[in-house]
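Comments concern the structure below.
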Amino acid sequence: MHELTLAMEVIRIAGNEADKIMAKSILEIDIEVGDLSGVEPDAFKSALELLSKDSVLNEARINIMRSSGKGRCKSCDFEFEMNNLMATCPKCQAFPSEISGGREFRVLSLVIE
Amino acid sequence: MCDTCGCGRPGEFKVHDPSHSDNHEHKHYHDPEHLHDNEHDHWHDHSHMHEHDHNHYHDHDSHQKRVIDLNIDILSENNNLAKLNRRFFEGRKVLCLNLVSSPGSGKTTILEKTIVAMKDKKKLYVIEGDQQTQLDARRIEKAGASAIQINTGSGCHLDARMVESAVEKLDVEANSILFIENVGNLVCPAMFDLGENKRVVVISVTEGDDKPLKYPYMFQSSHLCLINKSDLMPWVDFKTEETIRNASSINPSLEFITLSAKTGEGMDLWFKWLDKQAEFVISR
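Sequence lines, in order, name chains P and Y.
Using this note's numbering, you'd call the opening residue of the first sequence number 1 and step up by one each time.
Using this note's numbering, you'd call the opening residue of the second sequence number 1001 and step up by one each time.
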């Protein structure tokens, strides 16, 4: 739901970076969305596509790269794939686990000309 | 525009001071760039705080097509502004609390009762976040605290920039408490750090005890959970223990206080918690 705000921020970041190197246009943008980032990738992509039309990303292909959630058990230190915030350790069934991956939400790269 | 919650194009918000007339006190921010240029030039001075790697350019073919590696956290601008807000609060020894909940949980009533009970011993301020109207800020001023209303327009949450603008108008005194009543929404405000010391999530007994499981990000990022409207417990199926169990499965360090802002039951525990937090901020 907050995806429109986030899409605006991506456009601002892309515009700033393109300005810095005086890019003629942005052809592609790679964005990483972690499974535990709190961002819904499809809604975010739709929002970005919608807002891109009048922006520096007008011609850009938007690539969303998902990164899976990872947790580390606080009891036995086992690292495992974590699909939600309530996951228990698959090895010792303990709780809680520390989120060790999947919170990423960042602009990875641009392809410009 | 988002047809799920009605989010509009962000960056358009209004700050209202209810103690002044509408004609000259509204600040209209229609574009974040304008805000930076005209209102808050100093924000640009902090660009060195951005925590991302330096750009790395390399050619991939001969048509001047280049890949630029960035690795920029999309929330870094908000997070940096939140850090500045937090530093300001720390410097003035202000306890800042971000109150979040779904609409109708009773946040404003809790604040009204809190102000009436505590205003003689502590200076209290409130930043009110709503999509429209200044109704809540007027209620707060009537109860006896200084208030600023932020209307987010079609936006669904407050961000650090809006709070910075509001704090500038409030001129918060040292050793005080600043409450930020966020827009009623259990999803969007979870992602946006405002610079608060603690986040307080409010649920009422008329909501389901499975709410923490449905909106885990908000419960995971909060420090205290107020379970409000306890006076209605005999008429609803709400199970307090089940709620606490569910919320604790997401956030084991979350604290809980069950209260009724209407009858006053449990409010003393909330006031004690506030005193403890304020003392901690002052003693740091």
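For each residue, glycine too, the CB sits at the ideal point set by N, CA and C.
Quick caveat: nothing in here was measured; it's all calculated off a predicted structure.
Validate contact between the region 1093-1100 of chain Y and the region 1199-1218 of chain Y using beta carbons, cut 8 Å, 3 pairs: Segment contact: the region 1093-1100 of chain Y against the region 1199-1218 of chain Y, three or more CB-CB distances shorter than 8 Å; contact assigned.
Among the residues of its own chain, which have a CB less than 8 Å from the CB of Y:N1078, if the five just before and after it don't count? D1159, A1160, R1161, F1192, D1193
Using a threshold of 7 Å, state whether the C-beta atoms of Y:A1190 and Y:C1225 are closer than that. Annotated as distal: Y:A1190 and Y:C1225, with beta-carbon spacing of 7 Å or more.
Classification of P:S75 by the beta-carbon crowding that lies within 10 angstroms, buried from 16 upward: That one is exposed.
For the alpha helix (DSSP H) that contains Y:E1128, what are its first and last residues? Counting along the chain, Y:E1128 falls outside any alpha helix (DSSP H), though it belongs to the beta strand (DSSP E) covering 1124-1130.
Going residue by residue through the region 1070-1126 of chain Y, where are the continuous alpha helix (DSSP H) segments of at least 4 residues, counting only ones entirely within it? 1076-1092, 1107-1118
Which partner residues does Y:S1204 have in the DSSP bridge list? Y:N1228
Local Cβ density within 10 Å of P:M82, reported as buried at 16 or more and exposed below that: buried
Would you report the Cα separation of Y:R1086 and Y:G1195, rounded to the nearest angstrom? Separation of Y:R1086 and Y:G1195 (C-alpha to C-alpha, rounded to the nearest whole angstrom) is 4 Å.
Buried or exposed by the 16-neighbour rule on C-beta atoms within 10 Å, applied to Y:Q1132: exposed
Report yes or no: is there a C-beta of chain P within less than 7 Å of the C-beta of Y:H1050? Unreliable positioning characterises Y:H1050 in this predicted model, as indicated by a pLDDT of 40, which lies under 50. The coordinate reading is nonetheless provided below. It does not: the Cβ of Y:H1050 has no partner Cβ on chain P nearer than 7 Å.
Quick one: any contact between the region 60-79 of chain P and the region 96-110 of chain P, if contact means 3 or more CB pairs under 8 Å? Verdict: yes, contact present.
From the DSSP output, read off the bridge partner residues of P:R72. P:E79, P:E98
Taking the runs of the alpha helix (DSSP H) that are 4 residues or longer, which of them lie wholly in the region 1-32 of chain P? 3-20
Can you check whether the C-beta of P:P96 is within less than 7 Å of a C-beta belonging to chain Y? yes
Y:P1216 versus chain A: which residues are under 8 Å apart at the beta carbon? You won't find chain A in this structure, because its protein chains are P and Y.
Could you name the residues of the region 1232-1253 of chain Y whose beta carbon sits closer than 7 Å to any beta carbon of chain P, in the order they occur along the chain? Answer set for the region 1232-1253 of chain Y: S1249, I1250, P1252.
Please report the straight-line C-alpha distance between P:D54 and P:E32, rounded to a whole angstrom. 23 Å
Cβ-Cβ distance between P:E113 and Y:K1065 below 7 Å: yes
Taking 6 Å as the limit between beta carbons, can you name the residues of its chain near Y:V1094, skipping five residues before and five after? V1172, S1176, L1178
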